[in-house]
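Here the protein sequences line up with chains A and B, keeping their order.
Numbered continuously in our numbering, the first sequence closes out at residue 134.
Numbered continuously in our numbering, the second sequence closes out at residue 145.
Step one of this worksheet: look at the structure below.
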Amino acid sequence: NAGVMQNPRHLVRRRGQEARLRCSPMKGHSHVYWYRQLPEEGLKFMVYLQKENIIDESGMPKERFSAEFPKEGPSILRIQQVVRGDSAAYFCASSPFGANVLTFGAGSRLTVL
Amino acid sequence: KNEVEQSPQNLTAQEGEFITINCSYSVGISALHWLQQHPGGGIVSLFMLSSGKKKHGRLIATINIQEKHSSLHITASHPRDSAVYICAVLLIQGAQKLVFGQGTRLTINP
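Right under this line is the structure:
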């Protein structure tokens, strides 16, 4: 029973490019959460999704960031026109029924040159 | 002021010492998580608490809802316990949003 799988683990992009980060939740988990950890800062909630629905995106920057969790396939966090300030570790967590029980992925580290 | 405050920010101790990390919060919560983040960055959920006390091996977590305070204790600490320990609260309003403390960086020297 694989845990939460995130890929890529490391991603390097130049300013203006797009970054796509993928998260496959644990089997049987239909709740997905994305968090961002900026260098030398704490974790911050970004978005909470269930299959085909964005439930809470109050932590997402208003522009350039989007997330989806389609009926089939992984959840995707998409960052368009990346800037240096987007360099961070992005963690995904999944749950079968809510954030009382969470399993975290290993994170995806985005570096913007 | 952050909604979740941890202390100390950094803690260095000798192997075998008893460790306490504190977490105070200022909002209404439905649950509190203690997380461990190792160098290299993966995050592991250690405990989820809504009341009382939980124990797992050498780790003990307690929460006092009235005082809005939780502690994580490590008995007989070992160098492999060296990590960042993060307190996170699940808000009672807005159901699914975790608010994180800044973390406590623990170093256990042999």
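For every residue, glycine included, the Cβ atom is placed at its ideal position computed from N, Cα and C.
Only a predicted model underlies this, so the values are computations on that prediction, with no experimental measurement involved.
With 16 other Cβ atoms within 10 Å as the buried cut-off, status of residue i
i	result
S11 of chain A	Past the boundaries of the shown model lies residue 11 of chain A; chain A is included only from 22 to 134, so the question cannot be answered.
R57 of chain A	buried
H91 of chain B	exposed
Q27 of chain A	buried
L131 of chain A	buried
I41 of chain B	The amino acid at residue 41 of chain B is misidentified as Ile; the sequence shows Gln. When all chains shown are included, Q41 of chain B counts as buried.
L134 of chain A	exposed
F125 of chain A	buried
H113 of chain B	exposed
G106 of chain A	exposed
V104 of chain A	exposed
F118 of chain A	exposed
Q31 of chain A	It is His, not Gln, that sits at residue 31 of chain A in the sequence shown. Counting Cβ neighbours within 10 Å, H31 of chain A comes out exposed, since fewer than 16 surround it.
V33 of chain A	exposed
V79 of chain B	exposed
G63 of chain A	buried
Any non-hydrogen atom of the ligand SAM closer than 7 angstroms to residue i Cβ
i	result
G77 of chain B	This structure does not include the ligand SAM; it has no bound ligands of any sort.
Cut-off 7 angstroms between Cβ atoms - residues of its own chain near residue i, not counting five sequence neighbours on either side
i	result
I121 of chain B	L70, Q72, F135, G136, G138
P95 of chain A	R43, C44, S45
K72 of chain A	S51, F90, K92
K65 of chain A	Y56, R57, G80
A5 of chain A	Residue numbering for chain A in the displayed model covers 22 to 134; residue 5 of chain A lies beyond these limits and cannot be assessed.
R93 of chain B	I109, T110, A111
Contacts around residue i, its chain only, beta-carbon distance under 8 angstroms, and the 5 residues preceding and following it disregarded
i	result
V122 of chain A	S116
S86 of chain B	I98, I100
A48 of chain B	I54, S112, L141, T142, I143, N144
Nonlocal neighbours in the same chain, by C-beta distance under 6 angstroms from residue i, ignoring five residues either side
i	result
L45 of chain B	It is Asn, not Leu, that sits at residue 45 of chain B in the sequence shown. Around N45 of chain B: R140.
V68 of chain A	W55, E78, M81, A88
S65 of chain B	L125, I127
G75 of chain B	none
S61 of chain B	E38
K89 of chain B	F82, A96
R99 of chain A	R41, S87
Q102 of chain A	G37, R85
Contacts of residue i in chain A (Cβ-Cβ under 8 angstroms)
i	result
K132 of chain B	F66, Y69, D77, S79, G80, A120
I121 of chain B	G63, L64
Chain-ordered neighbours of residue i on chain B, where CB pairs are closer than 8 angstroms
i	result
T124 of chain A	S80
A88 of chain A	Residues of chain B passing the Cβ test: none, with the nearest at roughly 14 angstroms.
A110 of chain A	G76
Interface partners of residue i on chain A, CB under 7 angstroms
i	result
A66 of chain B	N121
Residue i: contacting residues in chain B (beta-carbon distance under 7 angstroms)
i	result
G49 of chain A	Neighbours of G49 of chain A on chain B: none; closest Cβ ~17 angstroms, over 7 angstroms.
Contacts of residue i in chain A (Cβ-Cβ under 9 angstroms)
i	result
L125 of chain B	G119, A120, N121
Q128 of chain B	Ordered by position in chain A, no residue passes the 9 angstroms Cβ test against Q128 of chain B, which lies about 12 angstroms from the chain.
Q71 of chain B	In chain order: nothing, as chain A lies at least about 10 angstroms away.
G138 of chain B	G63, L64
F53 of chain B	Simply none; closest approach about 26 angstroms.
Residue i: contacting residues in chain B (beta-carbon distance under 9 angstroms)
i	result
A127 of chain A	G75, G76, G77, I78
**Item:** the segment 53-69 of chain A contacting the segment 99-117 of chain A, beta-carbon criterion three pairs below 8 angstroms
**Value:** Yes: the two stretches touch, three or more of their Cβ pairs being nearer than 8 angstroms.
**Prompt:** Does the segment 106-114 of chain B touch the segment 42-59 of chain B, meaning 3 or more C-beta pairs lie closer than 8 angstroms?
**Reply:** Result yes; three or more Cβ-Cβ pairs closer than 8 angstroms.
**Request:** Report the residue ranges of all alpha helix (DSSP H) runs contained in full by the segment 48-129 of chain A; include only those spanning at least 4 residues, in chain order.
**Result:** With a minimum length of 4 residues, no continuous alpha helix (DSSP H) run stays inside the segment 48-129 of chain A.
**Message:** List, from N- to C-terminal side, the beta strand (DSSP E) runs of 3 residues or more that fit wholly inside the segment 70-139 of chain B.
**Reply:** Listed in chain order, they are 78-84, 87-91, 94-99, 104-109, 118-126, 133-135.
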